[in-house]
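Colleague: Starting off with a structure, shown below.
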Amino acid sequence: SFSWYLMLSAYARNGKFREAKNMFDAMPQRDLPAWNAMLAAFTFTGDLEQSQHFFDRFPQWNLISWTTILVAYAQRDHIQETEQIFHTMPHRDLVCYNAMLAAYARCGYLENARSLFLGMPLRSIISWSTVLTFLAQVGLVVDAINIFKCMPEQDIRSSTAILAAYAKKGELESAKRWFDAMPYRDLVSWTVMLEAYIDCENVSEARNTFGLMPQTDLVSWTTMLAAYAQQGDLDRSKLLFDEAPQRDVISCNAMISAYAQNGRLEEAEEMFNGMPQR
RNA sequence: UCGCGGGGCUUCU
């Protein structure tokens, strides 16, 4: 039998606002998960005002409703509202602590993040990873590695965050050593290694790595595309763009900016005008 | 059943 809810949450997860809204409006009855899924569709659009307005119309709220709206503010860097929500919501669980922690991290609030982390009643691997990633992203790789050694279990996302930090600092040797020592590598860690070579302007090693990757996706293709563009190798950029598994707004923007960077303004404009929307 | 952490263009860093 047909499930309204499954359709609604599928649309919401894929950012199909209009379709989600149609489902929501047509549902014979709406339970709290349905309201929450619809709220997620609102927040996905990035329109905080509409999201808040919708949130205010809820017949009731649960932790998930509160956390969804909290994350919406956090993702737009409205840290004050995020904090306010965090403190006014009736209960806080681990997910919501993690979301607040990530919000501080996004804004670079090291002290707030630290004291929240230390004061947390419970920590999950995500709490540890959030703090580790924060330290790694601000260049405190040694501290990040200390966290890595202390955490109860070490996962690939934390490991990749450290790899990314090495890449960002231009420490290619350390990056490669870390990469090779990882218990296993996934698409993201391979792509970060690719970035490491690119950041050191070692595009030929990046090309080798790209060829060695067990899987690739639109992100890794776009990474290579941008790398070639930076070298002024527009032909290879265009080739990757044309043969990429898919296209999205970011890969189109990357191609447009590839043309623009290299003074090929007519082609840039042509692509820009040919884009689906905006 | 629904909410949190790692990779690509652009802005910030």
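Take the first sequence: its letter number 65 is residue 76 in the working numbering, and every next letter is one higher. Note that CB positions come from ideal geometry on N, CA and C, so glycine has one too.
Please state whether DSSP places ASN213 in a helix, a strand or coil.
Modeller: Looking up residue 213 in the first sequence gives position 202. Three-state result, ASN213: coil.
Colleague: Are the beta-carbon atoms belonging to PHE221 and MET204 less than 8 Å from one another?
Modeller: The sequence position of residue 221 within the first sequence is 210, counting from 1. The sequence position of residue 204 within the first sequence is 193, counting from 1. For PHE221 and MET204, no; Cβs fall outside 8 Å.
Colleague: Relative to the C-alpha of LEU105, which residue among TRP139, ALA116, GLN91, ASN213 is closest?
Modeller: Within the first sequence, numbered from 1, the residue matching residue 105 stands at position 94. Of TRP139, ALA116, GLN91, ASN213, the residue nearest in Cα terms is TRP139.
Colleague: Once DSSP output is grouped into helix, strand and coil, what is the label at LYS27?
Modeller: Sequence index remark: in the first sequence, residue 27 carries index 16 (1-based). DSSP places LYS27 in coil when its eight states are reduced to three.
Colleague: I believe ALA124 touches VAL142 by the beta-carbon criterion, under 8 Å. Please report the beta-carbon distance rounded to the nearest angstrom.
Modeller: For the purposes of this step, residue 124 is taken as the residue at position 113 of the first sequence. For the purposes of this step, residue 142 is taken as the residue at position 131 of the first sequence. 6 Å between Cβ atoms; contact.
Colleague: Using the C-alpha atoms, what's the distance from ASN219 back to GLN71?
Modeller: Sequence index remark: in the first sequence, residue 71 carries index 60 (1-based). Sequence index remark: in the first sequence, residue 219 carries index 208 (1-based). Cα to Cα, GLN71 sits roughly 55 Å from ASN219.
Colleague: Is MET49 near LEU19, with beta carbons less than 8 Å apart?
Modeller: Along the first sequence, read from residue 1 onward, the residue named residue 49 stands at position 38. Along the first sequence, read from residue 1 onward, the residue named residue 19 stands at position 8. Yes, the Cβ-Cβ distance between MET49 and LEU19 is below 8 Å.
Colleague: Suppose you measure from the CA of ILE137 to the CA of LEU59; what does that come to, to the nearest Å?
Modeller: Working through the first sequence from its first residue, we reach residue 137 at position 126. Working through the first sequence from its first residue, we reach residue 59 at position 48. Those two C-alpha atoms are separated by around 25 Å.
Colleague: Which class does ARG2 belong to by DSSP, given the choice of helix, strand or coil?
Modeller: Outside the shown range of the chain, which is 12 to 289, sits residue 2, and nothing can be said about it.
Colleague: Please report the distance separating the alpha-carbon of ALA186 from that of ALA237.
Modeller: As a first step, residue 186 must be located in the first sequence, where it is residue number 175. As a first step, residue 237 must be located in the first sequence, where it is residue number 226. Taking the straight line joining both Cα atoms gives about 21 Å.
Colleague: Using CA coordinates, which residue listed in TYR120, GLY57, GLN86, THR79 is at the minimum distance from ARG103?
Modeller: For the purposes of this step, residue 103 is taken as the residue at position 92 of the first sequence. Looking at the Cα atoms, THR79 is the closest of the given residues.
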